[in-house]
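>
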Amino acid sequence: MKEYMCDVTLVFSGNNHQAKNVEEYKQKVIEQFNNQYPNINITEDEISFIEETDNNSSEPLLTNTIIKESCLLRTFIKEICLSDVPIPNDLWWHSDSGHSWLRVPVAFVMAVGFEPSSYSYIDDGFVYLEEDSDAPKFIKLIGRYENLDEPYRGVIITRDNHEIKVIEVDDGIDSPIREYARCPSLSLR
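Residues in the sequence shown are numbered consecutively from 667, following our numbering.
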C-alpha cells in the first residue's frame, strides 16, 4: 500500500475592506484571517487579484454585484478542521424597512456545508443570509427554528439540540448590509 499527501488550496473571494492604499488593505485582510482562522497564517504574497473600485462612481446600483476592494486569497491549509468551528451562541437577524438578513460567521456557514446565493451579502467575516431563501434553507440544514413572541426572535435548535439565540437588530430604513459585497461561492469543492 502506498501513502500519499497533498496540499489543499482554499480560495476566499470577497474580503472587502475600505483602506487608504493597497498596503493597508492587505494588512486588514491578514488581520481579518488571523482573527477568524487562528490556525491559518496568511502572508502578503498569498493575497492577489486586488481590485479597486471608484466609490464616487455614478454607475447604477448594479455595481452591487461587483465586490468592492476585493481580492482572491489563496493559501495552503496546514491545520484547519472546519468541524472544529464552534457553534455560535447567538445570531443576529438584521432588518430594515424592506428586507432582512441572518448574520452568520463565514466559518460556521462553511463548516455546515451551506452555499449562499448571490442574494446574500458578505462583510468582515460574516455572511448575511437573505430572508426569503438562504436563511430558511440554512436554518433547515442545521436544525429548526422556534419562534418566541415576535418574528425573528426565537431560537434555532440544531440537530444535536444546541440552542442558538436569534437576536433582532433594527437597521432603520436602509440597512448598511445593502452596500456590502454580494456573496461569492464559499464552496470547498
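C-beta: ideal position from N, C-alpha, C; glycine also. Note that the structure is a prediction, hence the values are computed from the model and not measured.
Just grab the DSSP bridge partners of Arg844 for me.
Along the sequence shown, read from residue 1 onward, the residue named residue 844 stands at position 178. Answer by DSSP bridge pairing: none, since Arg844 is not bridged.
> Give the single residue among Ser783, Pro754 and Pro802 whose Cα lies nearest to the Cα of His614.
Outside the modelled stretch of the chain, which goes from 667 to 855, sits residue 614, for which no answer is possible.
> So, are the CB atoms of Pro782 and Cys849 less than 8 Å apart?
The sequence position of residue 782 within the sequence shown is 116, counting from 1. The sequence position of residue 849 within the sequence shown is 183, counting from 1. Yes; because the gap between Cβ atoms is below 8 Å, this pair is in contact.
> Near Tyr846, which residues of its chain fall below 8 Å by C-beta distance, leaving aside the five closest residues on each side in sequence?
In the sequence shown, residue 846 corresponds to position 180, counting from 1. Here the set comprises Asn682, Tyr787, Ile788, Asp789 and Tyr794.
> Might you give, ordered along the chain, the residues of its own chain that have their beta carbon closer than 6 Å to the beta carbon of Glu797, omitting 5 neighbours on each side?
Reading the sequence shown from its first residue, position 131 is the one you call residue 797. Around Glu797: Ser766.
> Which value, in whole angstroms, describes the spacing of the CA atoms of Val775 and Gln693?
Here residue 775 refers to the residue found at position 109 when the sequence shown is read from its first residue. Here residue 693 refers to the residue found at position 27 when the sequence shown is read from its first residue. Rounded to whole angstroms, the gap between the alpha carbons of Val775 and Gln693 is 24 Å.
> Quick one, are the C-beta atoms of Ser763 and Tyr785 less than 8 Å apart?
The count along the sequence shown starts at 1 and reaches residue 763 at position 97. The count along the sequence shown starts at 1 and reaches residue 785 at position 119. No, the Cβ-Cβ distance between Ser763 and Tyr785 is not below 8 Å.
> Is it true that the CB of Asn700 sits closer than 8 Å to the CB of Ile708?
Walking along the sequence shown from the start, residue 708 turns up at place 42. Walking along the sequence shown from the start, residue 700 turns up at place 34. Yes, the pair counts as a contact, with Cβ atoms nearer than the cut-off.
> Would you mind sorting Phe715 into buried or exposed? The rule is 16 or more other CB atoms within 10 Å of its CB.
Here residue 715 refers to the residue found at position 49 of the sequence shown. Under this definition Phe715 is an exposed residue.
> Could you tell me how far apart the beta carbons of Glu812 and Ile823 are, in whole angstroms, since I believe they sit closer than 8 Å?
Sequence index remark: in the sequence shown, residue 812 carries index 146 (1-based). Sequence index remark: in the sequence shown, residue 823 carries index 157 (1-based). Cβ-Cβ separation between Glu812 and Ile823: approximately 6 Å, consistent with a contact (criterion under 8 Å).
> Taking Val835 and His760 to be in contact with their CB atoms under 8 Å, please state how far apart those CB atoms are, rounded to whole angstroms.
As a working mapping, residue 835 is identified with position 169 in the sequence shown. As a working mapping, residue 760 is identified with position 94 in the sequence shown. Confirmed, about 5 Å.
> Going by beta-carbon coordinates alone, are Arg769 and Phe804 separated by less than 8 Å?
Translated into positions along the sequence shown, residue 769 becomes position 103. Translated into positions along the sequence shown, residue 804 becomes position 138. In this structure, Phe804 does not lie closer than 8 Å to Arg769 by Cβ.
> Helix or strand or just coil, what does DSSP make of Tyr670?
By 1-based counting over the sequence shown, the position of residue 670 is 4. If DSSP states are grouped into helix, strand and coil, Tyr670 belongs with coil.
> Under the assumption that Asp756 contacts Ile839 (Cβ atoms under 8 Å), give the Cβ distance between them as a whole number of angstroms.
The count along the sequence shown starts at 1 and reaches residue 756 at position 90. The count along the sequence shown starts at 1 and reaches residue 839 at position 173. Going by Cβ atoms, the distance from Asp756 to Ile839 rounds to 25 Å, so no, they are not a contact pair.
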